[in-house]
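Using my numbering, you'd call the opening residue of the sequence shown number 1034 and step up by one each time.
A virtual CB, placed ideally from N, CA and C, is assigned to each residue, including glycine.
Worksheet: the structure to be examined is printed underneath.
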Amino acid sequence: MRTLTLFLIACLILAILPTFALEAARQTSMLSASAQRSDGQTPTLAPTLVATPVPNFITAESALWTPPAPVNRTEGNFLFERPFSYRHNTYWSREYSYGSTRRGQLQIHHGLDFGNPSGTAILAVADGVVYYAGPDDARIFGPRPDFYGILVVIEHPYMYSTGEKIYTLYGHMRQEAVSTGQQVKAGQVIGYVGATGVALGPHLHFEVRVGNPESYDATRNPALWLKPYEGSGVVAGVLRDIHGNKLEGVQLELQAPGNNHYTFSYSGTRVNGDNRLGENFVFADVNAGYYYLIVKNTNGGLLHRQLIYVWAGQVTFVEVFIMP
Ligand SMILES: [Zn+2]
């Protein structure tokens, strides 16, 4: 009986391997699309997209299912490096993801928070020109003065599909290390972690803005812009009720044996989704493989369960309808 089971598992693996090979080949041909620089040059930070599908677990369901190809219509194209070196924390707070409220405790988040000790060097995520460096008491970038404290805003040589420029914002610095108008390179130190402005403790608040660098309403989810680590990918999707309305503040989970993730949905009006993708939730830094995407109600009752596949270096897009 045990031999038969092993034989059947081996058959299932063999049955799906060719699909993976085909998909990998298809991925390679899809890697050419990337954002255009406004000066027409090839971006210096061309995304490193790796498609090496790995069956992290096999169930009867996953073995019989061919995962759809990842989407290639996000505007982010993983153009940005992390704002910290590998010796520091390069992961953001899942509790306070983009568009979330940290379970109702805080106001809607327009960026991502990276916890690191005060004084940790903050790095430019791509080449650009410093649009502004200094305090935001006289020059407003948030909902009120002295919101970001000491901040740096960088204008990058990339354009959005709307023809607008792309900016990154780094808030709550103890001190900036660059000045307005200065050219910066990816990886260059632009300031140091602090807790200036509205901050509960030392951390970097990081944003991506499109078009107007001084508009609090111009943000996009940075999780779609930061390059995933090798072997991991991004899941983006839209969570709606049965009337088609985007739902906000709903926790979504990705579950695989020994590897779980969670994130929260956002409205898409109070903070923006990507223009092309129109997502209202994103998981990032997810190891490639099969996962169950799960949505529960507040009592823990299952509202949705769906098998998905996460592609390394790519965006898997999912559309979910639930009756909350
Ligand atoms: Zn923040």
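Check each candidate in 1354, 1297, 1318 and name the one with the smallest Cα separation from residue 1141.
-> 1297
Three-state secondary structure (DSSP) of residue 1317 = strand
In chain order, what residues of the same chain have a beta carbon less than 6 Å from the beta carbon of residue 1254, not counting five sequence neighbours either side?
-> 1131, 1315
Can you list, in chain order, the stretches of the beta strand (DSSP E) that have 3 or more residues and sit fully within the region 1123–1162?
-> 1145–1148, 1154–1156
Reducing DSSP to helix, strand and coil, say where residue 1310 ends up.
-> coil
Starting from the Cα of residue 1166, find the closest Cα among 1181, 1177, 1159, 1153 and give me that residue.
-> 1181
beta-carbon residue 1169 near ligand 1 non-hydrogen atom, thresh 7 Å = no
C-beta atoms of residue 1324 and residue 1289 nearer than 8 Å | yes
What is the DSSP secondary structure of residue 1166, counted as helix, strand or coil?
-> strand
Neighbourhood of residue 1217 by C-beta, 8 Å cutoff - its chain only, sequence neighbours within 5 removed = 1157, 1160, 1161, 1162, 1163, 1187, 1211, 1223
C-alpha distance - residue 1174 paired with residue 1352, whole-angstrom precision | So the two alpha carbons sit approximately 33 Å from each other.
Measuring alpha carbon to alpha carbon, tell me which of 1262, 1239, 1286 ends up nearest residue 1329.
-> 1286
List the endpoints of the continuous alpha helix (DSSP H) containing residue 1209.
-> Note, residue 1209: premise wrong, no alpha helix (DSSP H); beta strand (DSSP E) at 1198–1209.
Outcome for residue 1133 when other beta-carbon atoms lying within 10 angstroms are tallied against a minimum of 16 = buried
CB contact flag (residue 1301, residue 1240, <8 Å) = In terms of Cβ geometry, residue 1301 and residue 1240 do not form a close pair [threshold 8 Å].
Residue 1148: beta carbon under 7 Å from a heavy atom of ligand 1?
-> Flag unset: Cβ of residue 1148 not near ligand 1.
Own chain, CB closer than 7 Å to residue 1304, minus 5 neighbours either side, in chain order | 1131, 1132, 1141, 1143, 1252
Does the Cβ of residue 1087 have 16 or more other Cβ atoms within 10 Å, making it buried, or fewer, making it exposed?
-> exposed
Can you tell me the Cβ-Cβ gap for residue 1226 and residue 1152, rounded? I've got them flagged as a contact below 8 Å.
-> 6 Å
8 Å Cβ cutoff met for residue 1355 and residue 1338 | no
May I ask you to check if the CB of residue 1244 is nearer than 7 Å to at least one heavy atom of ligand 1?
-> no
Cβ shell of residue 1357 (< 8 Å), same chain only, five flanking positions each side left out = So the list reads 1274, 1280, 1283, 1330, 1336, once near-sequence residues are dropped.
Can you check DSSP and say which residues form a bridge with residue 1252?
-> DSSP, once it has assigned bridges, lists 1242 as partnering residue 1252.
Exposure of residue 1313, with buried meaning 16 or more beta-carbon neighbours within 10 Å | buried
How close, in whole Å, do the beta carbons of residue 1111 and residue 1202 come, if the pair is a contact with beta carbons under 8 Å?
-> Actually they do not touch by this definition, with Cβ atoms about 19 Å apart.
Same chain, Cβ closer than 7 Å to residue 1098, neighbours up to 5 away in sequence not counted = 1340
Does DSSP put residue 1342 in a helix, in a strand, or in coil?
-> strand
Can you tell me the Cα-Cα spacing of residue 1092 and residue 1350, whole angstroms?
-> 22 Å
Consult DSSP for residue 1188 and reduce its assignment to one of helix, strand or coil.
-> strand
With DSSP run on the structure shown, which of helix, strand or coil describes residue 1095?
-> helix
Look up residue 1233 in the DSSP assignment and say whether it is helix, strand or coil.
-> Correct three-state label for residue 1233: coil.
Give a yes or no on whether the C-beta atoms belonging to residue 1089 and residue 1322 are separated by under 8 Å.
-> Against a cut-off of 8 Å, the Cβ pair of residue 1322 and residue 1089 comes out as a contact.
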